[in-house]
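A.B. asks: In this note's numbering, the protein residues as written are 135 to 539.
Built from N, CA and C at the ideal position, the CB exists for glycine as well.
Before I ask anything, let me first share the structure, which is written out below as structure tokens.
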Ligand code: PLP
């Protein structure tokens, strides 16, 4: 079969592929622990359920404006004012099918073939692929070994005449790192001066621990939004645990939003009104649901840190936000794909190889499940890898003996 060269080269989503593998194992009755997927376990917030149910029962489920319903855009404008201290117009906002489509639409609207986009490792798996889908070239900047925070000078060095954008994701998937405010400030200043877009993927911005804050880029620019190169991406997937509703949004210059709206109109015609109502309900509803989720994840992280203390050989930088951790397991195997496969086979734990995030030798663990998932998951990984851990363990109701170390 003859297919598009570009499309054929796009990598399979490793998390979705792992989910499928885990599902098949579970179907066979295997007691799999899923530390692969970045999806909170909470129920949809009640206000979101009520708002979407009301939309559905009205029977008025029709096309909406391609850039989003006025009511949801109003809620996003209020959210932007409350969280970013920026008052923007409806023309600065576009609603998309998840933050993923926000990123695609931004890059599709900005890039010409061969334009470059700087992606900071460790990065969310989809960034390089989305850049490639838009005929661009991802340029990866990797931090010093043992660190998750990029060096500003290295970023500056990676910039060429073709650089159109830098993508920043803080708090970061997969490392859980929060970029220091000084770095964000330098990046904003640099991008505003150079005319490079700073795409801030803020999808985890409220999932931060220990009273830390992920400094928003808007804070560091005096420019009017119409002149600013800061673009903010956000959505309801992570902070409200509403992954299945597929609602994200972009706040940017109106000229860019206009082009993105045309792209959306030709591509999807917009987001389902049922989902848009749900997002509106979440944004306008009681915000203690976000705090409850944050506390649950913080508690999981505490349990995780405790478990990791007795994991000899693993090196860990404490996650400061999100629901991920990215331990360095090079002491056991520098090949993270092999390592993840080994952990699934021997310990029935789903993890994601660090290689997918530009951090070979590490594996990403998602702490978004239950406390039991975290404790049992880490115990199984220790058992499979660390020779100083007890060599017997129960996996489900089977007693397993480690005979490979
Ligand atoms: N950005 C980052 C950094 C993510 O980790 C994810 C999901 O895993 C997304 C964007 C996608 O969000 P959505 O589900 O709203 O498309």
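Please report how far the alpha carbon of residue 416 lies from the alpha carbon of residue 301, in whole angstroms.
C.D. replies: By 1-based counting over the chain shown, the position of residue 416 is 282. By 1-based counting over the chain shown, the position of residue 301 is 167. When rounded, the distance between both Cα atoms is 27 Å.
A.B. asks: Just mark residue 219 as buried or exposed, buried being the case when its beta carbon has 16 or more other beta carbons within 10 Å.
C.D. replies: Taking the first residue of the chain shown as 1, we reach residue 219 at position 85. By the 10 Å Cβ count, residue 219 comes out exposed.
A.B. asks: Once you ignore the five residues that flank residue 480 on each side, which residues in its own chain have a CB closer than 6 Å to its CB?
C.D. replies: To locate residue 480, count along the chain shown from 1; it is residue 346. Here the set comprises 518.
A.B. asks: Taking residue 240 and residue 273 to be in contact with their CB atoms under 8 Å, please state how far apart those CB atoms are, rounded to whole angstroms.
C.D. replies: Indexing the chain shown from 1 puts residue 240 at position 106. Indexing the chain shown from 1 puts residue 273 at position 139. Contact doesn't hold; Cβ gap of about 17 Å is too wide.
A.B. asks: With H, G and I counted as helix, E and B as strand and the rest as coil, what does DSSP make of residue 214?
C.D. replies: Looking up residue 214 in the chain shown gives position 80. Helix, per DSSP.
A.B. asks: Which residue comes first and which comes last in the alpha helix (DSSP H) that contains residue 184?
C.D. replies: Translated into positions along the chain shown, residue 184 becomes position 50. Start and end: 180–192.
A.B. asks: Since residue 305 and residue 339 are thought to touch, with beta carbons under 8 Å apart, how far apart are those beta carbons, to the nearest angstrom?
C.D. replies: For the purposes of this step, residue 305 is identified with residue 171 of the chain shown, where counting begins at 1. For the purposes of this step, residue 339 is identified with residue 205 of the chain shown, where counting begins at 1. Contact holds; Cβ gap of about 7 Å.
A.B. asks: Taking DSSP as the reference, what is the three-state secondary structure of residue 313?
C.D. replies: Locating residue 313 in the chain shown gives position 179, where the first residue counts as 1. If DSSP states are grouped into helix, strand and coil, residue 313 belongs with coil.
A.B. asks: Per the DSSP calculation, residue 383 is bridged to which residue(s)?
C.D. replies: Here the question's residue 383 lines up with position 249 in the chain shown. Its beta-bridge partners are 229 and 368.
A.B. asks: In chain order, what residues of the same chain lie with their CB nearer than 8 Å to the CB of residue 260, ignoring the 5 residues before and after it?
C.D. replies: Residue numbering aside, residue 260 sits at position 126 when the chain shown is read from its first letter. Hits under 8 Å: 147, 234 and 237.
A.B. asks: In angstroms with no decimal places, state the Cα-to-Cα distance between residue 196 and residue 204.
C.D. replies: As a first step, residue 196 is located in the chain shown; it is residue number 62 there, counting from the start. As a first step, residue 204 is located in the chain shown; it is residue number 70 there, counting from the start. The alpha-carbon atoms of residue 196 and residue 204 are separated by roughly 14 Å.
A.B. asks: So for residue 500, helix, strand or coil by DSSP?
C.D. replies: As a working mapping, residue 500 is identified with position 366 in the chain shown. Strand, per DSSP.
A.B. asks: Looking at the strands, I want to know which residues DSSP matches up with residue 276.
C.D. replies: Along the chain shown, read from residue 1 onward, the residue named residue 276 stands at position 142. Paired residues: none, contrary to the question.
A.B. asks: So, are the CB atoms of residue 498 and residue 488 less than 8 Å apart?
C.D. replies: For the purposes of this step, residue 498 is taken as the residue at position 364 of the chain shown. For the purposes of this step, residue 488 is taken as the residue at position 354 of the chain shown. Against a cut-off of 8 Å, the Cβ pair of residue 488 and residue 498 comes out as a contact.
A.B. asks: Could you check if residue 365 belongs to the surroundings of the ligand PLP, using beta carbon to heavy atom distance under 7 Å?
C.D. replies: Locating residue 365 in the chain shown gives position 231, counting from the first residue. No, the Cβ of residue 365 stays beyond 7 Å of every heavy atom of the ligand PLP.
A.B. asks: Tell me whether residue 344 counts as near the ligand PLP, meaning its Cβ is closer than 7 Å to at least one heavy atom of that ligand.
C.D. replies: Within the chain shown, numbered from 1, the residue matching residue 344 stands at position 210. Not under cutoff, so the answer is no.
A.B. asks: Between which residues of its own chain and residue 465 is the CB-CB distance below 6 Å, once the five residues before and five after are set aside?
C.D. replies: Locating residue 465 in the chain shown gives position 331, counting from the first residue. If we look at residue 465 and ignore the five residues flanking it on each side, its Cβ neighbours are 447.
A.B. asks: Should residue 522 be labelled buried (16 or more other beta-carbon atoms within 10 Å of its own) or exposed?
C.D. replies: As a working note, residue 522 is residue 388 in the chain shown. By the 10 Å Cβ count, residue 522 comes out exposed.
A.B. asks: Taking residue 331 as the reference, give the member of 532, 538, 432 and 361 with the closest Cα.
C.D. replies: What you label residue 331 is simply residue 197 of the chain shown in a count that begins at 1. Selected option, being the one with the closest Cα: 361.
A.B. asks: Go through its chain and collect everything with a Cβ distance to residue 202's Cβ below 6 Å, but skip five positions before and after it.
C.D. replies: Looking up residue 202 in the chain shown gives position 68. Within the same chain, residue 202 has close Cβ partners 229.
A.B. asks: Determine the closest residue to residue 395 out of 199, 515, 267 and 428, with distance taken between C-alpha atoms.
C.D. replies: Indexing the chain shown from 1 puts residue 395 at position 261. Nearest of 199, 515, 267 and 428 to residue 395, Cα basis: 199.
A.B. asks: Is residue 383 near the ligand MG, in the sense that its beta carbon is under 7 Å from a heavy atom of that ligand?
C.D. replies: Absence of the ligand MG is noted for the structure shown, with the ligand PLP being the only ligands found.
A.B. asks: Rounding to the nearest angstrom, what Cα-Cα distance links residue 246 and residue 267 in this structure?
C.D. replies: Taking the first residue of the chain shown as 1, we reach residue 246 at position 112. Taking the first residue of the chain shown as 1, we reach residue 267 at position 133. Approximately 11 Å between the Cα atoms of the pair.
A.B. asks: Between residue 282 and residue 317, which are expected to be in contact by the criterion C-beta below 8 Å, what is the C-beta distance as a whole number of angstroms?
C.D. replies: As a working mapping, residue 282 is identified with position 148 in the chain shown. As a working mapping, residue 317 is identified with position 183 in the chain shown. Contact flag wrong, Cβ pair sits at about 12 Å.
A.B. asks: Looking at the unbroken alpha helix (DSSP H) that takes in residue 436, where does it start and where does it end?
C.D. replies: Here residue 436 refers to the residue found at position 302 when the chain shown is read from its first residue. 422–442 is the extent of the alpha helix (DSSP H) around residue 436.
A.B. asks: Just tell me which of 516, 278 and 404 has its CA closest to the CA of residue 473.
C.D. replies: Translated into the one-based positions of the chain shown, residue 473 becomes position 339. The residue with the shortest Cα to Cα distance from residue 473 is 516.
A.B. asks: Which residue wins for smallest C-alpha separation from residue 217, given the options 139, 368 and 470?
C.D. replies: Position 83 of the chain shown, counting from 1, holds the residue named residue 217. When only C-alpha atoms are compared, the closest one is 368.
A.B. asks: Leaving out five residues before and five after residue 184 in sequence, what residues of the same chain have Cβ atoms less than 7 Å from its Cβ?
C.D. replies: Sequence index remark: in the chain shown, residue 184 carries index 50 (1-based). These residues qualify, in order along the chain: 415.
A.B. asks: May I ask you to list the residues that DSSP assigns as paired with residue 487?
C.D. replies: As a working mapping, residue 487 is identified with position 353 in the chain shown. Answer is 497.
A.B. asks: If we call anything under 8 Å between Cβ atoms a contact, is residue 299 one with residue 264?
C.D. replies: Position 165 of the chain shown, counted from the first residue, corresponds to residue 299. Position 130 of the chain shown, counted from the first residue, corresponds to residue 264. The answer is no: Cβ separation not under 8 Å.
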